[in-house]
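Q:
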Amino acid sequence: MTIGIGLLGLGTVGAGVARILATPQGRHPLVGELALRRVAVRDLQRQRPIDLDPSLLSTDPEAVVDDPAVDIVVEVMGGLEPARSLILRAIAVGKPVVTANKAVIARFGEEIAAAAAQRGVYVLIEAAVGGGIPIIEPLKQSLGGNRIQRVSGIINGTTNYILSRMADEGAAYGAVLADAQRLGYAEADPAADVQGGDAADKIAILASLAYGGVVPRAAIPTSGIDRLDARDVAYADQLGYGVKLLAVAEQVGVASDGTAELDVSVSPTLVPRDHPLAGVHGVNNAILVEGDPVGRVMFYGPGAGSGPTASAVVADILNIAGIRQVSGGRFPGQPAPLDPLLAAGSWRTCRLVDPAVTQHRNYVRLRTSDEAGVIGRIGTCFGEAGVSLQSIVQFQPQGGGDGSHAEIVVITHRVLESAFRAAMAAIEALPAVQAVAACLRTL
Ligand SMILES: NC(=O)c1ccc[n+]([C@@H]2O[C@H](COP(=O)([O-])OP(=O)(O)OC[C@H]3O[C@@H](n4cnc5c(N)ncnc54)[C@H](OP(=O)(O)O)[C@@H]3O)[C@@H](O)[C@H]2O)c1
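So the sequence shown is residues 126 to 568, counted in our numbering.
Structure below.
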């Protein structure tokens with residue numbers, strides 16, 4: 126029984142999907158039942174990395190969705206619109222959707238889920254987070270019996286590539302970014318990657334699955350690596366840490382009405398060298414899930430790219446095709462259980478707590494005048510605010526310095542954010558402190 130596929134987009138991911146569909150030999154037999162019926166692109170004249178019958182291509186994505194020969198709509202065009210409207214249009218006509226579009230799911234997942242639940246169609250999103258790494262289905266299904274304590278991940282390959290090279294070569298952020306753009310690891314406009322927005326989209330999706338409710342994307346505190354100084358990477362290394370752009374979602378409490386109280390954030394973070402996430406280098410991604418009673422489970426692999434992302438997209442297509450096969454050629458009228466993005470309403474409400482009441486370890490680099498007693502005064506400010514310190518170290522300023530200033534690096538224990546901010550305000554007011562040069566999280 127042939128199943129018609131309509132592709133919206135034939136770029137990096139779309140071409141990877143088309144390539145798998147065109148080469149079913151040696152794959153699951155269901156791949157041979159999938160037939161690419163129509164493909165929406167923007168530019169019919171563009172050279173494509175894959176040889177496709179030109180009559181399949183169209184510049185009218187709505188026509189692809191509406192085509193009666195298309196049974197499953199695969200949205201891999203990216204962007205918010207028209208992607209969101211096309212997904213909703215497919216749902217409205219009862220067609221299941223597979224999408225890799227984290228930006229749409231992070232912002233409109235609730236709307237899409239409600240429409241899908243009402244119409245009784247599947248929307249599967251394995252490729253939206255972690256590229257080729259299976260993480261969506263494990264969170265939805267395989268880890269469903271756990272109370273999830275924390276999901277933390279390196280979920281942006283571009284920034285991990287840049288950070289890995291900064292650490293290995295001692296190179297400056299700007300120089301590595303330019304090189305990454307030249308090599309195709311970073312977009313011409315890298316803002317979504319380097320400012321942390323892409324990772325925030327993905328952690329919003331992971332947190333909504335892990336905690337069973339909608340996590341407000343716009344409320345996630347996000348800082349990227351675009352202002353990271355190479356010397357902090359070097360100092361972190363000397364202190365036994367690597368610097369990673371970490372996206373973290375942690376349950377910090379449960380309100381009396383059952384609301385999950387979450388601390389969700391994206392920030393450059395010092396990761397101890399013996400932590401499992403510290404060994405994730407280059408464009409690879411990894412997601413560490415900590416749950417009760419499972420303990421720690423880590424998912425690791427290629428977080429982007431044509432082949433890996435297409436692998437996840439085609440897995441979703443096969444899931445839907447398999448369900449159709451076992452249900453006698455029809456798609457069943459009800460979406461899968463255990464899927465908060467699809468179930469009729471989430472099973473829980475989630476709320477992000479006020480950042481002031483969250484607790485973290487911190488790394489601070491201070492530029493101070495080089496005089497006796499400065500470290501003591503800084504230590505007193507932390508102590509008076511109730512911030513306990515793990516270490517306080519004076520480094521030789523880069524280039525040896527001219528004797529007029531010193532660099533002091535502090536790593537705190539896990540402390541209340543409001544106490545940390547109070548200490549930092551007092552420290553900034555010290556006459557000997559010239560600048561708070563860097564402030565990063567520490568795992
Ligand atoms: N690239 C990755 O490694 C990766 C990994 C995970 C998830 N994703 C997600 O997958 C999606 C696709 O990413 P990509 O890297 O494959 O993007 P891409 O290379 O830019 O490809 C986008 C494709 O969509 C087509 N398109 C865009 N707007 C269109 C419109 N309005 N009408 C018709 N066609 C349109 C483009 O047509 P033309 O070719 O004619 O311009 C192009 O073929 C995004 O949501 C992205 O976030 C990507």
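Here a beta-carbon is modelled for each residue, glycine too, at the ideal position from N, C-alpha and C.
(1) Nearest-angstrom Cα distance between residue 377 and residue 473?
(2) When the Cα of residue 518 is compared with those of 207, 512 and 500, which residue comes out closest?
(3) According to DSSP, is residue 311 part of a helix, a strand, or is it coil?
(4) Let's test the definition: count the other Cβ atoms within 10 Å of the Cβ of residue 153 and tell me whether it reaches 16, buried, or not, exposed.
(5) Which whole runs of the beta strand (DSSP E) in the stretch 387-420 are 3 residues long or more, in chain order?
(6) Nearest-angstrom Cα distance between residue 468 and residue 515?
(7) Does DSSP put residue 222 in a helix, a strand or coil?
(8) On a Cα-Cα basis, can you pick out the residue from 233, 282 and 239 that is closest to residue 411?
(9) Measure the Cβ-Cβ separation of residue 325 and residue 374 and say whether it is below 8 Å.
(10) Any heavy atom of ligand 1 within a distance shorter than 7 Å of the CB on residue 502?
(11) Does the Cβ of residue 350 have 16 or more other Cβ atoms within 10 Å, making it buried, or fewer, making it exposed?
(12) Looking at the strands, I want to know which residues DSSP matches up with residue 130.
(13) Hey, how far is the Cα of residue 421 from the Cα of residue 385?
(14) How big is the Cα-Cα spacing for residue 391 and residue 340?
(15) Could you pull out every unbroken beta strand (DSSP E) segment of at least 3 residues lying fully inside the stretch 246-334, listed in chain order?
(16) Let me know the secondary structure DSSP gives residue 498 once reduced to three states.
(17) My assumption, with CB atoms under 8 Å, is that residue 292 sits in contact with residue 367. Please give the rounded CB distance.
(18) Reducing DSSP to helix, strand and coil, say where residue 549 ends up.
(19) Assess, as a yes-or-no matter, whether the stretch 206-213 is touched by the stretch 229-247 under the definition of 3 or more beta carbon pairs within less than 8 Å.
(20) Please classify residue 552: is it buried, with 16 or more other beta-carbons within 10 angstroms of its beta-carbon, or exposed?
(21) Do residue 189 and residue 269 come within 8 Å of each other at the CB atom, strictly closer than that value?
(22) Residue 135: beta carbon under 7 Å from a heavy atom of ligand 1?
A: Taking the definition as stated:
(1) 15 Å
(2) 500
(3) coil
(4) exposed
(5) 409-417
(6) Residue placement at residue 468 is poorly supported in this model, since its pLDDT is 49, which falls under 50; the coordinates are not used for a value here.
(7) strand
(8) 282
(9) no
(10) no
(11) buried
(12) 161 and 197
(13) 21 Å
(14) 14 Å
(15) 272-279
(16) coil
(17) 6 Å
(18) helix
(19) yes
(20) buried
(21) no
(22) yes
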